[in-house]
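**Student:** Take a look at this one; I'll ask things after.
Residue numbers (our numbering), protein chains in the order written: chain G, 1 to 384; chain L, 1 to 384.
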């Protein structure tokens, strides 16, 4: 029989059937009134989720396209950027900066750690000549399952005029993010994460200060030109043909999130996080991130001695149809990651721990059937 | 009652229900074995359609992203390109070149005309110093409904080493294109045209000569870096999260096109073209393009004196649910365009002419009920 998979990777996430049905709607003219209604509703919904009155623009691309847009529209060749890197996606910001001639000064942390906002404050305070034009940082680092304190990093700027560019691709909706209250200039998100729809769209919010920087920006951009996107949005269009079916899905998911409420969605993700962390501890496995910086979107777990990530992810997928992720970059051989963002059910997590118990016991680890599931159940019972 | 629309714009096109169902499949891990099978099958199918043994790479973007990739990967700042422009999308190539520091020399033709391959031959023959690094040209110009003779333009290069970069976004499948036999270095296509699936994917083929140029290219690129795309494709992945649901659709549409056969698909588009042109003539309206250069994807029609394009497109949409396109750029007020690529039924075209007869008669034009429909029927009867 066809195996129904449980997808617990840190995006793309499973897609609710209501969203899949919405995506199956017939094609519309992307330069017609039906599309205008669509993009107006979606943009308003995104502003709610972003908690912003800033412009929010939609690009047909994966999240990385949004990251490139954030560099190419607001930073010029020769500019200096302070890139706060706590993992693989921080390194991606560095690569994009360098590909576009921007000098990336890296404030790096050990993988598994969160950034220390005081370090950002110190570095910017030392930059009295205001050479640093922007601070680039992840809200949630997908490769390590670590959540940065964006509110504190934003406050750490003090009077320094650097733009704050936040990759919230895997963090938005899962964790609190207040674009305007915290003063975030550019915030990037992606459709395939907590929005629980398929990949294909990147969203970018732009503050008035960021627009001023864009006016002076000399970097090469055409497809990702955000000023053009704003100009077309004013007439209810996009400069180039958008991924309309994914937009149908986004409209539906934004309605679902509005029904649920943003606070409830964040509590849901916190509950998943706590279930997973509790289950991992009951298996006597080691968590990569401390509780204080634990991601509500994905949890990284150190692979027990003598095993590789594939010894765990392989049987999970082949025997149980449960798809989790291995490590990325320098942690490729050292961790596995359980995604718990977007359209996840508590039963998905319970079933995953049951399967993990069986797999680890077979490999000779001292695991009792039910011990991890019980720990996760306990959190779930307390959380409802 | 909900109005079922007939979509006859030059892309995005209507989507067959078989494709819509395929796109509703549950999410898969884009770094897992299911995805590898998917991209291997789709890439092989694309090579068939492209008639090439070259690499074909898939980007999550609209067609314009593919055009940008063709400039940013193969041309460096300061390079000269010869851009053959016969309409709005030729002008887009010019804008992309300039955004990326490439000097665009424009070989322009009146909108509605095809390019003369001899002009390309003459210009390249005069370039004895080989300053021109690439010739950029549309196979099918969507804004005017004109098909260029790509085979002749390719031959016009003679011994000149310029790369030939072809935007085949709205032309591929609808018209013949032999990537290898004609020696085309870079060919760009898009999902939302004759592939009859929603927008979200751009495809780019790359010849060995183009790869050599990419090695020396100094332009800024990250998201659209084709060398990275090739590297990841070798392990059955994409560098960044791809629009998986659109890829599910592409797999299905490639299967449908393989069943139909490429020659039959081209004959189908030629039949639509001839039905539309015959119907337009029967209405005593003027076609923008000559028969020799008539596009199999879209037909541009001059608006009768005293009317605007909206006088025709508005009632068609509001009263009949038929969506056609107005003009673009400098022809915005002068033409309307009937798209006939992708998932079009002959009945769509017949119904459109019936509606056009009614609308034009009401505006006082000397139109008899049935005259255009009869002309289109006659072509259809001959073509089956």
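Yeah, the Cβ is synthetic: ideal placement off N, Cα and C, and Gly gets one too.
Indicate whether the contact test is met: 3 or more Cβ pairs, each with one atom in the region 69-78 of chain G and one in the region 215-226 of chain G, closer than 8 Å.
**Tutor:** Yes, since at least three Cβ pairs between the region 69-78 of chain G and the region 215-226 of chain G fall closer than 8 Å, the two stretches touch.
**Student:** What residue range does the beta strand (DSSP E) around residue 339 of chain L cover?
**Tutor:** That run of the beta strand (DSSP E) goes 335-339.
**Student:** Going by the CB atoms, is the gap between residue 372 of chain L and residue 186 of chain L shorter than 8 Å?
**Tutor:** Contact: no.
**Student:** Check the Cβ-Cβ distances between residue 192 of chain G and every residue of chain L, and say whether any is below 8 Å.
**Tutor:** Taking Cβ atoms only, chain L reaches closer than 8 Å to residue 192 of chain G, which makes this a yes.
**Student:** Suppose contacts are defined by Cβ-Cβ distances below 8 Å. Is residue 236 of chain L in contact with residue 40 of chain L by that definition?
**Tutor:** The answer is yes: Cβ separation under 8 Å.
**Student:** Please find out if some non-hydrogen atom of the ligand NAP comes closer than 7 Å to the beta-carbon of residue 258 of chain L.
**Tutor:** The model on display carries no ligand, and the ligand NAP is accordingly not part of it.
**Student:** Taking only runs of the beta strand (DSSP E) that begin and end inside the region 249-299 of chain G, which ones reach a length of at least 3 residues, in chain order?
**Tutor:** You should have found no qualifying run.
**Student:** Can you pull out the residues from the region 219-232 of chain L whose beta carbon lies closer than 9 Å to at least one beta carbon of chain G?
**Tutor:** For the region 219-232 of chain L, which is checked against every Cβ of chain G, the residues closer than 9 Å are 219, 220, 221, 222, 223, 224 and 225.
**Student:** Listed in chain order, which residues of the region 69-100 of chain L have Cβ atoms closer than 7 Å to some Cβ of chain G?
**Tutor:** Listed by position along the chain: 95, 96, 99 and 100.
**Student:** Leaving out the 5 sequence neighbours to the left and right, which residues in its chain are closer than 6 Å to residue 286 of chain L when beta-carbon positions are compared?
**Tutor:** Cβ neighbours of residue 286 of chain L beyond the five flanking positions: 302.
**Student:** Considering only the beta carbon of each residue, do residue 108 of chain G and residue 85 of chain G sit closer than 8 Å?
**Tutor:** Yes, these two residues count as a Cβ contact at 8 Å.
**Student:** Closest Cβ-Cβ distance between residue 9 of chain G and chain L: below 8 Å?
**Tutor:** Closer than 8 Å to some Cβ of chain L, the Cβ of residue 9 of chain G qualifies, so yes.
**Student:** Could you give the distance in angstroms between the alpha-carbon of residue 61 of chain L and the alpha-carbon of residue 200 of chain G?
**Tutor:** Cα-Cα distance, rounded: 8 Å.
**Student:** Where does the unbroken alpha helix (DSSP H) through residue 354 of chain L begin, and where does it stop?
**Tutor:** Its alpha helix (DSSP H) spans residues 346-362.
**Student:** Any beta-carbon of chain B closer than 8 Å to the one on residue 30 of chain G?
**Tutor:** Considering every chain present, this structure includes no chain B. Its protein chains are G and L.
**Student:** Compare the C-beta of residue 203 of chain L with all C-beta atoms of chain G and state if any pair is closer than 8 Å.
**Tutor:** Answer no: the Cβ-Cβ gap between residue 203 of chain L and chain G never drops below 8 Å.
**Student:** For residue 68 of chain L, tell me which candidate among L/225, L/321, L/313 and L/315 has the shortest Cα-Cα distance.
**Tutor:** The candidate whose alpha carbon is nearest that of residue 68 of chain L is L/225.
**Student:** Using the three-state DSSP reduction, which class does residue 104 of chain G fall into: helix, strand or coil?
**Tutor:** Correct three-state label for residue 104 of chain G: strand.
**Student:** Report yes if the C-beta distance between residue 120 of chain G and residue 166 of chain G is below 8 Å; otherwise report no.
**Tutor:** Cβ distance not < 8 Å, so residue 120 of chain G and residue 166 of chain G don't count as in contact.
**Student:** Quick one: residues in its chain with C-beta nearer than 6 Å to the C-beta of residue 361 of chain L, no 5 flanking neighbours on either side, listed in chain order?
**Tutor:** Excluding sequence neighbours, residue 361 of chain L sits near 367.
**Student:** Let me check one thing: in DSSP terms, what residues is residue 60 of chain G bridge-paired to?
**Tutor:** Looking at the DSSP assignment, residue 60 of chain G forms a beta bridge with G/201.
**Student:** Consult DSSP for residue 140 of chain G and reduce its assignment to one of helix, strand or coil.
**Tutor:** Three-state result, residue 140 of chain G: strand.
**Student:** When you compare only the Cα positions, how much space is there between residue 3 of chain G and residue 358 of chain G?
**Tutor:** Between residue 3 of chain G and residue 358 of chain G, the C-alpha separation is close to 19 Å.
**Student:** Please list the terminal residues of the continuous beta strand (DSSP E) segment that includes residue 186 of chain G.
**Tutor:** Run containing residue 186 of chain G: 186-190, per the beta strand (DSSP E) assignment.
**Student:** Report the neighbours of residue 244 of chain G on chain L: residues whose CB is nearer than 7 Å to its CB, in chain order.
**Tutor:** What residue 244 of chain G touches in chain L: 12, 198 and 199.
**Student:** With a Cβ-Cβ cutoff of 8 Å, do residue 93 of chain L and residue 220 of chain G count as a contact?
**Tutor:** Not in contact: residue 93 of chain L and residue 220 of chain G (Cβ atoms no closer than 8 Å).
**Student:** Quick check on residue 264 of chain G: buried or exposed, where buried means 16 or more other Cβ atoms within 10 Å of its Cβ?
**Tutor:** Residue 264 of chain G comes out exposed.
**Student:** So with Cβ pairs under 8 Å, would you call residue 20 of chain L a contact of chain G?
**Tutor:** By this cut-off, residue 20 of chain L is an interface position.
**Student:** Kindly indicate if chain G contains any beta-carbon less than 8 Å away from that of residue 315 of chain L.
**Tutor:** Not closer than 8 Å to any Cβ of chain G, the Cβ of residue 315 of chain L fails to qualify, so no.
**Student:** What residue does the beta strand (DSSP E) around residue 85 of chain G start on, and which one ends it?
**Tutor:** From DSSP, the beta strand (DSSP E) with residue 85 of chain G extends over 80-85.
**Student:** For residue 168 of chain L, count neighbouring C-beta atoms within 10 Å of its own C-beta (all shown protein chains included) and say buried if the count is 16 or more, exposed if not.
**Tutor:** Label assigned to residue 168 of chain L: buried.
**Student:** What does residue 371 of chain L reach in chain G if we use C-beta pairs closer than 7 Å?
**Tutor:** Within chain G, no residue comes near residue 371 of chain L; the closest Cβ sits about 28 Å away, beyond 7 Å.
**Student:** Looking at the strands, I want to know which residues DSSP matches up with residue 301 of chain G.
**Tutor:** G/287 and G/336.
**Student:** For my contact list, residue 48 of chain L and residue 258 of chain L are in at a C-beta cut-off of 8 Å; report their separation, rounded to the angstrom.
**Tutor:** About 7 Å separates the two Cβ atoms, so the contact holds.
**Student:** Need the endpoints of the alpha helix (DSSP H) that residue 153 of chain L sits in, please.
**Tutor:** Taken as a continuous stretch (DSSP letters only), the alpha helix (DSSP H) holding residue 153 of chain L covers 150-155.
**Student:** CB residue 203 of chain L to CB residue 19 of chain L, shorter than 8 Å?
**Tutor:** Not closer than 8 Å, so no.
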